[in-house]
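Working notes, beginning with the structure itself.
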Amino acid sequence: MEIKKILVPVDGSDASKRAFKMAIDVAKVHGAKLVVTCIADVSEAAYPIMGVTLDKNGFINIKAKAERLLAALKEEIPIELDYEEIVETGVPGAAITEIVEQQGIDMVVIGNSGKGAVSSFVMGSVSQYVIHHVKCPVLVVK
Numbered sequence: 017m018e019i020k021k022i023l024v025p026v027d028g029s030d031a032s033k034r035a036f037k038m039a040i041d042v043a044k045v046h047g048a049k050l051v052v053t054c055i056a057d058v059s060e061a062a063y064p065i066m067g068v069t070l071d072k073n074g075f076i077n078i079k080a081k082a083e084r085l086l087a088a089l090k091e092e093i094p095i096e097l098d099y100e101e102i103v104e105t106g107v108p109g110a111a112i113t114e115i116v117e118q119q120g121i122d123m124v125v126i127g128n129s130g131k132g133a134v135s136s137f138v139m140g141s142v143s144q145y146v147i148h149h150v151k152c153p154v155l156v157v158k
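Read the sequence shown against our numbering and you will find it ends at 158, with the numbers running on by one and no gaps.
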């Protein structure tokens, strides 16, 4: 199997930072392009709880936060790596799956938040969603 494009979703968590570093290492070994994405999670806005919704400024702030995170991480990418960044808004699992399909991704390297079984069941887990919905290999980093 040839790995030409690696997607690493990041959210600022420790697990996603470890996944980011692992993705850089895998990309170096395979000479692959690194695609780093941050999904501005609007699931709370899409499914309001107790009548609270985000207005246009809320969406803009969420996306700006994602862009700042990617800008900070870009500094850590070796200059020799082919690199692309994607900022999307949406529900993270579904958005990541869509990026994999649209970009022809060969591998996903994703952090596991380390949530317990009950929390993952109730809240859902982005890494679990991705594992079950993409057709390429997924490396989950703890």
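Beta carbons: idealized from backbone N, C-alpha and C, even for Gly.
Among 44, 157, 45, 78, which residue has its Cα nearest to the Cα of residue 125?
157
For residue 120, which residues from the same chain have a beta carbon less than 7 Å from its beta carbon, with the 5 sequence-adjacent residues on both sides left out?
21
Taking the continuous beta strand (DSSP E) assigned at residue 98, which residues delimit it?
Per DSSP, residue 98 belongs to no beta strand (DSSP E) and is neither H nor E.
Using alpha carbons as the reference points, say which of 32, 19, 24 lies closest to residue 129.
Closest in alpha carbon position to residue 129, among 32, 19, 24, is 32.
Tell me, please, whether the region 101 to 120 touches the region 78 to 87 by the rule of three or more beta-carbon pairs shorter than 8 Å.
Under the Cβ criterion (8 Å, minimum of three pairs), the region 101 to 120 counts as touching the region 78 to 87.
Locate the beta strand (DSSP E) running through residue 56, then write down its first and last residues.
First-last of the beta strand (DSSP E) with residue 56: 49 to 57.
Among the candidates 48, 57, 147, whose CA atom is the shortest distance from the CA of residue 107?
57 is the residue among 48, 57, 147 whose C-alpha sits nearest the C-alpha of residue 107.
With H, G and I counted as helix, E and B as strand and the rest as coil, what does DSSP make of residue 126?
strand
Could you name the residues that DSSP lists as bridge partners for residue 78?
Residue pairing of residue 78 in beta bridges, as defined by DSSP: absent, with no partner found.
Note the first and the last residue of the continuous beta strand (DSSP E) segment covering residue 22.
21 to 25
Going by the CB atoms, is the gap between residue 52 and residue 23 shorter than 9 Å?
yes
CB-CB under 6 Å to residue 25, same chain, minus the five flanking residues each way: which ones, in chain order?
53, 112, 126
Tell me which same chain residues have a C-beta within less than 6 Å of the C-beta of residue 68, skipping the five on either side of it?
Any reading at residue 68 must be qualified, since the residue scores a pLDDT of 49, below 50, and its modelled position is unreliable; no value is offered.
Report buried or exposed for residue 139, applying the criterion of at least 16 other Cβ atoms within 10 angstroms of its Cβ.
Low confidence applies to residue 139: its pLDDT is 38, below 50, so where it sits in the model is not reliable, and the reading given next is rough at best. It counts as exposed.
Less than 9 Å between the C-beta atoms of residue 49 and residue 98, yes or no?
With contacts defined as CB atoms closer than 9 Å, residue 49 and residue 98 qualify as a contacting pair.
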